[in-house]
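K.L.:
My structure is below; once you've seen it, I'll send some questions.
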Amino acid sequence: MTTECTSIRGRSAGLLVIFVLALQIAGCGQKAEDGPILLKFPHVTAPATPKGQTADRFKQLVEERLQGRVVVEVYPSGQLMDDDDSLDALAFGEVQMIAISLSKLDRLTHKFQIFDLPFLFPDLITVERFQASADGKVLLEAMEDKGLRGLTYWHNGMKQMGAPVPLRTPADAAGLKFRIMESDVLQAQVLQIGGSPQKMALGEVYQALQTGAIDAQENTWSNMYSSKFYEVQKYMTETNHGYLGYLVTVNTSFWDSLPEDIRVELESILREVTEWGNERSETINLEDRQKIVESGISEVVTLTPDELRQWQEAMKPVWTEFEGNIGSSLISAALAARQ
Ligand code: SIN
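Per the numbering used here, the sequence shown starts with residue 104, numbered consecutively.
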């Protein structure tokens, strides 16, 4: 028998009510006599993606090193729930760990908007330097008032754009309906290039592209390959315009209620798999880019330096628009990570 917290549903309640209630009930302390501790870990990407592989590695190491004391159940591909539901489920103790896209935390805090600013981070090394800095580490605690704690960051990769036409300059995006994640920064980014932003769950995107409900989308090579977007997108433009990464998040009360030796071991395993997964993420994305090229279905478009500059200039006003939310000192800290 595994141990689970009491389940309470309050989807119809406002978000604030949900998280205040969650704070009150989420402790559900774990005692040795209760049996193995169950960590339900739902996520929305395929097992072969950077997140899928890292979550599976976490499960493997936990079960090897904490034999019989902790059981990890990983539910990939949105088979248990989508990302929005996973935040509520975590707050109520129905699941114990998630690795949600930083963009999708926008409904809870504006602090992670920094990661969505277009062309702020040129590559994963810069992102990693920022995440490892004092400013990056403080952000892990940005949702303590909601009863949630970030334990570490996992990479997916840099985002590209798929469309029915080659997107060489921002003018090519005018009038296109773009699927985006639940982020106001990404919404502003699409508006800046004359597109029409549509917030949508990952699991709905393939069909929306296939039926023409949307025209375009932005994502990493690994998500575009594993979700088969290349089958329904004639062109993929290599823009590297934004970062897609994850916050490994737990319910603070649940985490603090774990026996100390178990918590310490879990945190140590997380450090190990974070290093392992973040190292692999770039390779996985490059391999998936190559598979898209080899598919012969979708053409990969690369930009000239002048075309790239046009995208950077078109999207730059988004920085000013969100500077008030994010804070100019945090933006400066991210810029400092570029050197
Ligand atoms: C994810 O990578 O977890 C989700 C990304 C998306 O919704 O596009």
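Ideal Cβ positions, reconstructed from N, Cα and C, are used throughout, including at glycine.
Note that the structure is a prediction, hence the values are computed from the model and not measured.
Any idea what DSSP makes of A266, helix, strand or coil?
P.N.:
If DSSP states are grouped into helix, strand and coil, A266 belongs with the strands.
K.L.:
What does a CB cutoff of less than 7 Å around D219 pick up in its chain, not counting 5 residues either side in sequence?
P.N.:
Counting only Cβ-Cβ distances below 7 Å, and skipping sequence neighbours, we find S206, S286, V288, L289 and G345.
K.L.:
Given I429, which residues of its chain have a CB within under 6 Å of its CB, disregarding the five upstream and five downstream residues?
P.N.:
Excluding residues within five positions, the ones whose Cβ falls inside 6 Å are Q216 and I217.
K.L.:
What separation, rounded to the nearest whole angstrom, lies between the Cα atoms of E368 and D248?
P.N.:
Between E368 and D248, the C-alpha separation is close to 25 Å.
K.L.:
Does the distance from the CB of K394 to the CB of Y338 come in under 8 Å?
P.N.:
For K394 and Y338, no; Cβs fall outside 8 Å.
K.L.:
Any heavy atom of the ligand SIN closer than 7 Å to the Cβ of S189?
P.N.:
Outside the cutoff, so no.
K.L.:
Grouping DSSP H, G and I as helix and E and B as strand, with all else coil, what is F79?
P.N.:
One cannot answer for residue 79 here, as it falls past the ends of the chain, which runs 104 to 442.
K.L.:
Please classify P408: is it buried, with 16 or more other beta-carbons within 10 angstroms of its beta-carbon, or exposed?
P.N.:
With fewer than 16 other Cβ atoms within 10 Å, it is exposed.
K.L.:
DSSP on A436, reduced to helix/strand/coil?
P.N.:
Helix at A436.
K.L.:
At what residues does the alpha helix (DSSP H) containing S398 begin and finish?
P.N.:
Element bounds for S398: E363 to S398.
K.L.:
Any idea if P225 is buried or exposed, counting beta-carbon neighbours within 10 angstroms, 16 or more meaning buried?
P.N.:
Exposed, because fewer than 16 other Cβ atoms sit within 10 Å of the Cβ of P225.
K.L.:
Write down the C-beta distance between A311 and D185 rounded to the nearest angstrom, noting that I regard them as a contact closer than 8 Å.
P.N.:
Wrong, their Cβ atoms sit about 14 Å apart, outside the cutoff.
K.L.:
Which partner residues does K302 have in the DSSP bridge list?
P.N.:
Paired residue(s): I283.
K.L.:
Could you check where the beta strand (DSSP E) with Y349 kicks off and where it finishes?
P.N.:
Its beta strand (DSSP E) spans residues Y338 to N354.
K.L.:
Residues in the same chain with beta-carbon distance under 6 Å from N381, minus the five sequence neighbours each way, listed in chain order, please.
P.N.:
Result list for N381: H258, in chain order.
K.L.:
Identify which residue in V308, N322 and T323 has its Cα closest to the Cα of A316.
P.N.:
Checked all of V308, N322 and T323; the closest Cα to A316 is V308.
K.L.:
Please specify which runs of the beta strand (DSSP E), each continuous and at least 3 residues long, are wholly inside the region 171–258, giving them in chain order.
P.N.:
With a minimum length of 3 residues, the continuous beta strand (DSSP E) runs that stay inside the region 171–258 are 173–178 and 201–204.
K.L.:
If you follow the beta strand (DSSP E) that E402 is part of, which residue opens it and which one closes it?
P.N.:
Residues E402 to T405.
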